[in-house]
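To start, the structure under review is shown below, and the notes come after it.
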């Protein structure tokens, strides 16, 4: 019998315990051994929980128990979780975690400490979608050319609602908070940080590249308005918060930002709280993965599948696909200013003569060619909605800087990148 | 160094050798060891091949070589392949195969013979999509409620073209043959048998159920015409050849047939030669997998990923998810006549008074309630296009039998099942 200890018995932790109990028969048949969650650690012992496991508020209750074989870390956060996982590994326990923040910061140290001990984290990216396994095993013959994913259900819910119901971000956000799809402080989701953590995990497996969230381009969806959806619908785009990893020569672009994508792409059909990830391999071409990216049961499905995999295969695969950063490829992080993309700009201007000529000349001076343009009349100003052909990030940033200083421009222009597949 | 022998060096086999050579650096970094294809077996030695491996037309060239660690079986067919794989396993070699027919008939015997030797077959279903791994590992915590997939690229190409270009099946089939998307004798694809082989492999992993192609319901797309697409488009459906495995109580429905599905489903967006598989787990909900289901490079991507997995994890997972048939669940194959579904019927009738009343009364007598109906005038006859609410397969079959005998019915009615998700 394999004994599992769960540190952090909230929504996901409770689901893990319940799946192990309720699907026991099939899990035993698949794993070859009985797997039982015997202990849990919680912050608040007085809260009532409907579970058949012994509880404590002290992590050593699990970490120091020699009978526990596998520690499931679901406490969240970075520093405390790091210490807990480190101690568990020192005590020779296999690890299963759903903690993306922990991995965004400490995945390489933890891989080093884990050594041959199994360390699995399928639940850390895209909840119930087995994307880690797909990238680490199923696509391992490939050079990964690009990963492009909708990895944050909160943002996708908000953007889908905004597109369908033509309402403001604040309205949908409030609704999402009421439904439990968004946190009281939504910055981590809305600002793109959650998706960035997940992107870093995937990019380690794809490229063996060791980066921190601070190193990469992260933009949230805060500034998206109905004006942008108006342009998108007019020109056949959807607006999605994409996490993108892309191999360009020997450099890897890593970035999270709202993105205009062709409305006919499979990814464009990924709506509501669902997640979807498209991966391009040099041999296999595009594969796409879709499913619930969050929620107790979906996330717990991934956690329990990791537990089963550890029990039946016994030995660990290289946790991050490669043993060390950069091994095998010698790739480095691309600098943001060299990113090449098409761009969309929303510029609010006073409705005066000569405005368009002045803005167009700034594009020209920065060697940026305009692809499409709409002028949208408003009450006391006008919106210029402009998309460009491909140029470098530094060119568009320079143009934005120059446009911002024009006296008839009433607010800093909003820029959204246009991603072509 | 790990040495690989490839039996059957055609399109896929050549791609396997090329990927191992051209992606050597990254494969070594991922596998932890250098992997080299040293030998190949081909039928026709005189055919020129641009590969750096020693060739023979005798399988013992590989099977009796003690230096070969992994045998890749790509010869196709059932009996010869079975003997080759059996001998390779007896000689203690790990197996990687893309041979769905072999597995459709002999997967349980081969699992028994393989024992602890790795036996991988990711490429046998849906080419480059890592669907075997997803089902065997990523979703293993779940009772699988349903698998519904577009698993035959030839049929999907034909149905997509028919839908978009409003042309006849024969026209598109001819085109597909010219493009190499369909075989000279297309029966195996068009008739649903290829998809059925794949379905049996997936259903073993999901349910531990041992069935042969002869045991299950298989219908092809031969009889689909533009009339059916007309009805489908009118009522918001797509027509796809689906392979379906579904858990209903303690029984498993296994069936392959053309299917009307809601045009807004993710699966409905899987067009052309692409494959897509939707899986519903009791905990994770729906996950969906999309990619190239055939082609040398996509299939070879899966073969090489299997090789890498064998080299780095060393030990085998239970080949079919469960060690023995039925283990863990005690499930049995559902009888076809108890399948509950909605149905669409196309009935060609002489354009006479009283026809509709007679047909409607047959539906009524069989306790089948009609959902939608269109009468489509033709030159010398009329088509009645009818969809029903849910009923049992035996009810609709009985109604079809009775309708067929009516004197004003000019041909056997065409029936397509309507699948609700």
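Chains as they are written, first to last, in the numbering used here: chain F, 1 to 421; chain B, 1001 to 1421.
We put the CB at the ideal spot given by N, CA and C, even for glycine.
For residue 1199/B, count neighbouring Cβ atoms within 10 angstroms of its own Cβ and tell me buried if that reaches 16, exposed if not. As a working mapping, residue 1199/B is identified with position 199 in the second chain. So residue 1199/B ends up on the buried side.
Roughly how many angstroms lie between the CA atoms of residue 1380/B and residue 1346/B, to the nearest whole one? Mapped onto the second chain, residue 1380/B falls at position 380. Mapped onto the second chain, residue 1346/B falls at position 346. Their backbone Cα atoms lie some 16 angstroms apart in a straight line.
Are there 16 or more other CB atoms within 10 angstroms of the CB of residue 306/F, so buried, or fewer, so exposed? By one-based count along the first chain, residue 306/F stands at place 306. By the neighbour-count rule (16 or more Cβ atoms within 10 Å), residue 306/F is buried.
How would you label residue 1171/B, buried or exposed, when you count the other beta carbons within 10 angstroms and need 16 or more for buried? Within the second chain, residue 1171/B is the residue found at index 171, counting from 1. Exposed, since its Cβ has fewer than 16 Cβ neighbours within 10 Å.
Contact between the region 104 to 118 of chain F and the region 309 to 325 of chain F is defined here as three or more beta-carbon pairs at a separation below 8 angstroms; is this criterion met? yes
Which chain B residues sit within Cβ distance under 7 angstroms of residue 56/F? Start at 1 with the first residue of the first chain, and residue 56/F comes out as number 56. Here the premise fails: no neighbours, minimum Cβ distance about 25 angstroms.
How far does the beta strand (DSSP E) with residue 1344/B in it extend, from its first residue to its last? Here residue 1344/B refers to the residue found at position 344 when the second chain is read from its first residue. 1340 to 1349 is the extent of the beta strand (DSSP E) around residue 1344/B.
Pull up the distance between the alpha-carbon of residue 150/F and that of residue 259/F, whole angstroms please. Counting from 1 along the first chain, the entry for residue 150/F is found at position 150. Counting from 1 along the first chain, the entry for residue 259/F is found at position 259. Approximately 10 angstroms between the Cα atoms of the pair.
CB residue 1269/B to CB residue 266/F, shorter than 9 angstroms? Along the second chain, one-based indexing puts residue 1269/B at 269. Along the first chain, one-based indexing puts residue 266/F at 266. Their beta carbons are under 9 angstroms apart, which means residue 1269/B touches residue 266/F by this criterion.
Just to confirm my understanding: we take residue 283/F, look at its own chain, exclude 5 residues before and 5 after, and list those with CB closer than 7 angstroms. What are they? The count along the first chain starts at 1 and reaches residue 283/F at position 283. Cβ within range, chain order: 141, 142.
What residue range does the alpha helix (DSSP H) around residue 979/B cover? Coverage of chain B is limited to positions 1001 through 1421, which leaves residue 979/B absent and any answer about it impossible.
Extent of the continuous beta strand (DSSP E) to which residue 252/F belongs: Walking along the first chain from the start, residue 252/F turns up at place 252. Segment 251 to 262, the beta strand (DSSP E) holding residue 252/F.
Beta carbons nearer than 7 angstroms to chain F: which residues of the region 1123 to 1137 of chain B have them? 1128, 1129, 1130, 1133, 1134, 1137
If residue 215/F and residue 152/F are in contact, beta carbons under 8 angstroms, what's the gap, nearest whole angstrom? As a working mapping, residue 215/F is identified with position 215 in the first chain. As a working mapping, residue 152/F is identified with position 152 in the first chain. About 19 angstroms separates the two Cβ atoms, so there is no contact after all.
With H, G and I counted as helix, E and B as strand and the rest as coil, what does DSSP make of residue 266/F? Within the first chain, the letter at position 266 stands for residue 266/F. Helix, per DSSP.
Using only CA atoms, which one of 17/F, 82/F, 27/F, 223/F lies nearest to residue 312/F? Position 312 of the first chain, counting from 1, holds the residue named residue 312/F. That would be 27/F, whose Cα lies nearest to the Cα of residue 312/F.
Between which residues of its own chain and residue 287/F is the CB-CB distance below 6 angstroms, once the five residues before and five after are set aside? Within the first chain, the letter at position 287 stands for residue 287/F. Counting only Cβ-Cβ distances below 6 angstroms, and skipping sequence neighbours, we find 279.
Quickly, what does DSSP pair residue 2/F with across the bridge? List them, please. Translated into the one-based positions of the first chain, residue 2/F becomes position 2. In the DSSP output, where bridge partners are listed per residue, residue 2/F has 35/F.
Does any C-beta atom of chain F lie closer than 9 angstroms to the C-beta of residue 1140/B? By one-based count along the second chain, residue 1140/B stands at place 140. Output row for residue 1140/B: interface = yes.
Taking the beta strand (DSSP E) that residue 1418/B belongs to, which residues open and close that run? By 1-based counting over the second chain, the position of residue 1418/B is 418. 1414 to 1418 is the extent of the beta strand (DSSP E) around residue 1418/B.
Kindly indicate if chain F contains any beta-carbon less than 9 angstroms away from that of residue 1005/B. Position 5 of the second chain holds residue 1005/B. By this cut-off, residue 1005/B is not an interface position.
Just the C-alpha distance for residue 357/F and residue 231/F, rounded to the nearest angstrom, thanks. Looking up residue 357/F in the first chain gives position 357. Looking up residue 231/F in the first chain gives position 231. Roughly 21 angstroms separates the two Cα atoms.
Ignore the nearest five residues each way along the sequence and tell me which others in residue 128/F's own chain have a CB closer than 7 angstroms to its CB. The count along the first chain starts at 1 and reaches residue 128/F at position 128. Once the five neighbours on either side are set aside, the close Cβ partners of residue 128/F are 291, 292, 298, 299, 301, 302.
Give me the Cα-Cα distance between residue 407/F and residue 100/F, rounded to the nearest whole angstrom. Within the first chain, residue 407/F is the residue found at index 407, counting from 1. Within the first chain, residue 100/F is the residue found at index 100, counting from 1. Distance between the alpha carbons of residue 407/F and residue 100/F: 44 angstroms.
Determine whether the Cβ of residue 262/F lies closer than 9 angstroms to any Cβ atom of chain B. Your numbering for residue 262/F matches position 262 in the first chain. Not one chain B Cβ lies under 9 angstroms of residue 262/F.
What residue from 1344/B, 1236/B, 1114/B has the CA that sits closest to residue 1393/B's CA? Taking the second chain and counting its residues from 1, one reaches residue 1393/B at position 393. Taking only the C-alpha atoms, the option nearest residue 1393/B is 1344/B.
Hey, does residue 143/F have any beta-carbon neighbour from chain B nearer than 9 angstroms? The residue labelled residue 143/F in the question sits at position 143 within the first chain. Output row for residue 143/F: interface = yes.
Give the DSSP-derived three-state secondary structure of residue 1204/B in the structure shown. As a first step, residue 1204/B must be located in the second chain, where it is residue number 204. Of the three classes helix, strand and coil, the one that applies to residue 1204/B here is helix, per DSSP.
Would residue 1344/B pass as an interface residue toward chain F - the criterion being a Cβ-Cβ separation below 9 angstroms? Counted from its first residue, the second chain places residue 1344/B at position 344. Not one chain F Cβ lies under 9 angstroms of residue 1344/B.
Could you tell me which residues DSSP puts in a beta bridge with residue 1333/B? On the second chain, position 333 is the one that residue 1333/B refers to. BP columns for residue 1333/B point to 1252/B.
Is the CB-CB distance between residue 1031/B and residue 1017/B below 9 angstroms? On the second chain, position 31 is the one that residue 1031/B refers to. On the second chain, position 17 is the one that residue 1017/B refers to. Taking 9 angstroms as the Cβ cut-off, residue 1031/B and residue 1017/B do not qualify as a contacting pair.
What is the rounded straight-line gap between the Cα of residue 995/B and the Cα of residue 1085/B? Limits of chain B in this structure are 1001 at one end and 1421 at the other, which puts residue 995/B out of reach.
Please name the residue or residues paired with residue 140/F in a DSSP beta bridge. Working through the first chain from its first residue, we reach residue 140/F at position 140. For residue 140/F, which the question treats as bridged, DSSP gives no partner whatsoever.
Could you tell me if residue 1119/B is buried or exposed, where buried requires 16 or more neighbouring beta carbons within 10 angstroms of its beta carbon? Sequence index remark: in the second chain, residue 1119/B carries index 119 (1-based). Buried: at least 16 other Cβ atoms inside 10 Å.
In the DSSP assignment, find the alpha helix (DSSP H) that holds residue 1404/B and state where it starts and stops. By 1-based counting over the second chain, the position of residue 1404/B is 404. Where residue 1404/B is concerned, the enclosing alpha helix (DSSP H) stretches over 1393 to 1405.
Using a Cβ-Cβ cutoff of less than 7 angstroms, which residues in the same chain neighbour residue 1178/B once the five nearest sequence positions on both sides are dropped? As a position in the second chain, residue 1178/B is number 178, starting the count at 1. For residue 1178/B, where only same-chain residues beyond five positions count, there are no Cβ hits under 7 angstroms.
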